[in-house]
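Reading through the structure tokens given below for one structure.
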Amino acid sequence: MMRPEIAAIVWVLAATVTAILPMRRQMLPGLALLIAAPIIIVWIGKVYGFWLALAGTAAFLSMFRRPLMYLTRRVMGLPVTRPDREDG
175 MMRPEIAAIV WVLAATVTAI LPMRRQMLPG LALLIAAPII IVWIGKVYGF WLALAGTAAF
235 LSMFRRPLMY LTRRVMGLPV TRPDREDG
């Protein structure tokens with residue numbers, strides 16, 4: 175197995191564990207995953223080609239659509255709404 179495959183597998187496992195966490199505990203690991211994903215996708219694209227990188231990008235955008243929309247609205251200076259936080 176090549177290194178980008180191992181990195182992608184570890185990323186998927188970390189994302190699965192993060193998804194199991196309560197919402198208030200997902201922020202830090204989710205941010206780390208959000209930053210790491212494009213790096214891994216570019217790495218996969220260099221090793222395996224454009225089409226797999228494109229598929230990875232589509233999966234990434236699908237998984238992180240809400241955080242990316244939130245960040246885009248913040249950068250553009252548009253009003254943002256945050257989901258209610260869970261107490262408990």
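Using the numbering used here, the letters of the sequence shown correspond one by one to residues 175 to 262. Glycine included, every Cβ here is placed at the ideal spot set by N, Cα and C. As the structure is a prediction and not an experimental result, all values here were calculated from the model.
Reference Ile213; option with closest CA among Val254, Thr255 and Glu179 = Here residue 213 corresponds to residue number 39 of the sequence shown, with the count starting at 1. The option with the nearest alpha carbon to Ile213 is Glu179.
With burial defined as no fewer than 16 other Cβ atoms inside 10 Å of the residue's Cβ, what is the status of Leu207: buried or exposed?
-> Locating residue 207 in the sequence shown gives position 33, counting from the first residue. Buried, since its Cβ has 16 or more Cβ neighbours within 10 Å.
Leu252 versus Ile215: straight-line alpha-carbon distance, rounded = The residue given as residue 252 occupies position 78 in the sequence shown. The residue given as residue 215 occupies position 41 in the sequence shown. Inter-residue distance for Leu252 and Ile215 is about 29 Å (C-alpha atoms, whole angstroms).
Mapping DSSP to helix, strand and coil, what is Leu252?
-> Residue numbering aside, residue 252 sits at position 78 when the sequence shown is read from its first letter. Assignment of Leu252 by DSSP, reduced to helix, strand and coil, places it in the coil class.
Terminal residues of the alpha helix (DSSP H) in which Gly204 lies = Here the question's residue 204 lines up with position 30 in the sequence shown. For Gly204, the uninterrupted alpha helix (DSSP H) segment begins and ends at Met201 to Tyr222.
If you run the structure through DSSP and keep just helix, strand and coil, what is Phe238?
-> In the sequence shown, residue 238 corresponds to position 64, counting from 1. Phe238 falls in the coil class under three-state DSSP.
To the nearest whole angstrom, what separates the beta carbons of Ile218 and Ala182, a pair I think is in contact under 8 Å?
-> Start at 1 with the first residue of the sequence shown, and residue 218 comes out as number 44. Start at 1 with the first residue of the sequence shown, and residue 182 comes out as number 8. Here Ile218 really is in contact with Ala182; their C-beta atoms are around 6 Å apart, less than 8 Å.
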